[in-house]
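Undergrad:
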Amino acid sequence: MNRPRRPGRRRAVGMALLAGGLLLQPGVPASADPRIGLSADGRSYADSLTGPLFDPAVRWVPGDVRTGTLWVRNESGETADLAVTLDAPALAGPLARGELSITGRAGDGESAPVAAVPATVAAVPDLAPGASVPLELRVAMAAGADESTFGLTGDLGLQVRLTGTAGDGGGRVAGVADGLGDELAATGTTVRGWVVVLGLLAVGAGAVVLGPRRAARRTT
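The numbering of the sequence shown is the working numbering, which starts it at 72 and goes up by one.
1. Does the distance from the C-beta atom of residue 118 to that of residue 161 stay below 8 Å?
2. Relative to the C-alpha of residue 184, which candidate in 174, 191, 178, 190 has its C-alpha closest?
3. Residues in its own chain within less than 6 Å of residue 150 by CB, not counting five upstream and five downstream?
4. Which of the three DSSP states, helix, strand or coil, is assigned to residue 302?
5. Would you decide whether residue 106 is buried or exposed? Buried here means 16 or more other CB atoms lie within 10 Å of its CB.
6. Taking the alpha-carbon of residue 193 as reference, which of 126, 218, 143, 177 has the nearest alpha-carbon?
7. Could you check if residue 136 is buried or exposed, using at least 16 other CB atoms within 10 Å of its CB as the buried criterion?
8. With burial defined as no fewer than 16 other Cβ atoms inside 10 Å of the residue's Cβ, what is the status of residue 216: buried or exposed?
9. Tell me the DSSP secondary structure of residue 258 in three-state form.
10. Quick one: Cα of residue 170 to Cα of residue 213, how far?
11. Residues in its own chain within less than 7 Å of residue 189 by CB, not counting five upstream and five downstream?
12. Go ahead and label residue 203 buried or exposed: buried means 16 or more other beta carbons lie within 10 angstroms of its beta carbon, across all protein chains shown.
13. What whole-angstrom Cβ distance do residue 206 and residue 141 have, given they're in contact under 8 Å?
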């Protein structure tokens, strides 16, 4: 009797890094990933964004709420799962204290509030080749934010990843580390799938600059 084939490991079909701020982190490859398309308007796609989702030149004050939208398209040629992870280490404190809130949502899916970073802000299974989905990020600074947050600058980093199921009869993929095609003790099945990063892309996704409350205007 033939046993049903167990799914292989997941391999990365594509990945893009969206690094917040004005300067790219040293050591991040500048080569684009052709398997992921990015767009700021949902119409014109490229391997990078023309501008940040959140303008680093804008100073946030208590009570401010802003939303940025990024469209991601699967250009890998195969159905894949999409996952978007947010990382903003400098904002971990304000997030934990409730002075800053960040929420992510993909398409018509449920909102994913960020309690701590890094965090997955969007997950879309079985994204068809050529299909796209909007990712909305909502950032809010609490009206009662403490003065200790004023002057803090936190870059917003997004990691966009497409993954697909690796087959069990394929050969090696260029650039894959050795030792990942091991045997599973529980099943006795040799898994010939490897996790591989096919490309990295660094673009300005924006930053949150926290400032004091706006001074009240004088009346004459």
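All residues carry an ideal CB built from backbone N, CA and C; glycine is no exception. All of these numbers come straight from a predicted model, not from anything done at the bench.
TA: If we stick to the structure as given:
1. Walking along the sequence shown from the start, residue 118 turns up at place 47. Walking along the sequence shown from the start, residue 161 turns up at place 90. Taking 8 Å as the cut-off, the Cβ atoms of residue 118 and residue 161 do not count as close.
2. Here the question's residue 184 lines up with position 113 in the sequence shown. 174 is the residue among 174, 191, 178, 190 whose C-alpha sits nearest the C-alpha of residue 184.
3. Position 79 of the sequence shown holds residue 150. So the list reads 197, 199, once near-sequence residues are dropped.
4. Outside the shown range of the chain (72 to 291) lies residue 302, about which nothing can therefore be said.
5. Position 35 of the sequence shown, counting from 1, holds the residue named residue 106. When all chains shown are included, residue 106 counts as buried.
6. Taking the first residue of the sequence shown as position 1, residue 193 is located at position 122. Residue 177 is the option with its Cα nearest to residue 193.
7. Taking the sequence shown and counting its residues from 1, the one referred to as residue 136 is at position 65. With fewer than 16 Cβ atoms within 10 Å of its Cβ, residue 136 is classed as exposed.
8. As a working mapping, residue 216 is identified with position 145 in the sequence shown. In summary, residue 216 is buried, with 16 or more beta-carbon neighbours lying within 10 Å of its beta-carbon over all protein chains present.
9. On the sequence shown, position 187 is the one that residue 258 refers to. Here residue 258 scores only 29 on pLDDT, less than 50, and its place in the model is too uncertain to base an answer on.
10. As a working note, residue 170 is residue 99 in the sequence shown. As a working note, residue 213 is residue 142 in the sequence shown. Spanning the two alpha carbons is a distance of roughly 5 Å.
11. For the purposes of this step, residue 189 is identified with residue 118 of the sequence shown, where counting begins at 1. Setting aside the 5 residues that flank it on each side, residue 189 is surrounded in the same chain by 156, 157, 158, each with a C-beta closer than 7 Å to its C-beta; the list follows chain order.
12. Numbered from its first residue, the sequence shown carries residue 203 at position 132. Around the beta carbon of residue 203, a 10 Å sphere encloses 16 or more other beta carbons of the protein chains shown; the residue is thus reported as buried.
13. Mapped onto the sequence shown, residue 206 falls at position 135. Mapped onto the sequence shown, residue 141 falls at position 70. With a beta-carbon spacing of about 5 Å, residue 206 and residue 141 fall inside the 8 Å limit used to define contacts.
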